[in-house]
Amino acid sequence: MTLNLEVWEDRDALYNRALEIFSSELKNGATTFGLATGGTTIPLYEKMRNSSLDFSHCTSVNLDEYVGIPQGHSQSYYTFMQQHLFEAKPFNTTYIPNGEAENVDAEAKRYEDLLKSLTVDMQLLGVGVNGHIGFNEPGTSFQSETDVVELTVSTRSANARFFDTMDEVPKQAITMGIASIMRANYILLIAVGEEKRPAIEALIKGDITEDIPVTRLCNHPNVIVLTDLKISKDQ
Ligand code: GLP
């Protein structure tokens, strides 16, 4: 397995390391970045905003977007990306699925075709408490491509903290598939907080199963995992 694990108990140091990875990718000529949302990414985007990194010649392509809330909604991933990164750190071109499309299935297909026309140099990932990546919930086929998916109660509950009531949390999303994510040349996964331990332990142990989507990364040739969990590679 070529999975590279780095444990950083100091979260600030962990995010400095993540920033350094972005910086060296840029220096090495990376121009297309797969980006993610979620609380995990916020400190990294803050560091990116305050850095001198220049993405103005780059393309970004986001993992996913909710279906059923307008793009301008405070919790849409479109708004998240504008607020946390793009307003301060513009990219030349940014792509994010359109969760407001009239035909969301056609939108998912369009997004997958778009992804296939790009080479993602580096994909940033967080992980859900149940091991989901993007919005690929447990049980999703490892062969999945971009699609419209139903969100589990676990994921909706985890994300409910961003909404006023549970009823407001969308029930569907458009997400890059697991196979789509695996096409990236390099993957940076960040997992912070005890609630992510079961998913990360399964990944490190190499227990590859569609029940824990993140374990698919064991089959990727070039992955780095940054975590603040005290965890050993040899367990
Ligand atoms: C969301 C996103 C994922 C993210 C995950 C973890 O469901 N679709 O891309 O990795 O939640 O979120 P957080 O970083 O807030 O724990």
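Numbers given in the numbering used here equal positions in the sequence shown, counted from 1, plus 16. Beta carbons are placed, not taken as given, at the ideal position from N, Cα and C, and that holds for glycine.
Limits of the unbroken beta strand (DSSP E) element including residue i
i, result
"N20", "L19 to V23"
"E81", "D80 to V83"
"F49", "T48 to L51"
"T243", "V239 to T243"
"Y111", "T109 to Y111"
"D163", "D163 to E166"
"L140", "M138 to L141"
"L205", "I203 to A207"
"I190", "Q188 to T191"
Own chain partners of residue i with C-beta closer than 6 Å, once the 5 adjacent residues on each side are dropped
i, result
"L79", "A52, G150 and M192"
"T168", "E153"
"A176", "M182 and V185"
"Y16", "Past the boundaries of the shown model lies residue 16; the chain is included only from 17 to 251, so the question cannot be answered."
Short Cβ contact (8 Å threshold) for residue i with residue j
i, j, result
"I247", "L204", "no"
"G115", "G84", "yes"
"Y82", "S92", "yes"
"I37", "A124", "no"
"T57", "G142", "yes"
"L233", "A207", "no"
"D137", "E22", "no"
"V77", "L131", "yes"
"T95", "T75", "no"
Nearest-angstrom Cα separation, counted from residue j out to residue i
i, j, result
"E153", "A29", "30 Å"
"D121", "E166", "13 Å"
"T243", "K212", "9 Å"
"G209", "E217", "13 Å"
"F49", "Q188", "24 Å"
"I197", "R27", "25 Å"
"T110", "T181", "30 Å"
"A174", "L35", "26 Å"
"G222", "T231", "7 Å"
"H236", "I224", "12 Å"
"N66", "S170", "34 Å"
"D163", "A200", "18 Å"
"L219", "N238", "14 Å"
"E118", "S133", "23 Å"
"G45", "F178", "36 Å"
"K43", "D70", "10 Å"
"P214", "I228", "9 Å"
"N20", "P59", "21 Å"
"R172", "G55", "14 Å"
"T18", "Q99", "35 Å"
Neighbourhood of residue i by C-beta, 8 Å cutoff - its chain only, sequence neighbours within 5 removed
i, result
"S72", "P106, F107 and N108"
"Q87", "Y94, T95, N114, G115 and E116"
Neighbourhood of residue i by C-beta, 7 Å cutoff - its chain only, sequence neighbours within 5 removed
i, result
"E226", "G155, T156, S157 and F158"
"P160", "A quick correction: the sequence has Ser, not Pro, at residue 160. Taken in chain order, the residues that qualify are N152, G193, I194 and A195."
"L101", "Y61, M64 and R65"
"E128", "E161, T162 and S196"
"Y31", "P59, L60 and K63"
Start and end residues, alpha helix (DSSP H) containing residue i
i, result
"D129", "V120 to K132"
"L35", "R27 to K43"
Test: residue i CB closer than 8 Å to a CB of chain C
i, result
"R27", "The chain inventory of the structure shown lacks chain C, comprising one protein chain alone."
- For review: beta carbons within less than 6 Å of any heavy atom in the ligand GLP: Residues flagged by the Cβ proximity filter: A52, T53, G54, G55, T56, L79, D80, G142, V143, G144, G150, F151, T171 and N175.
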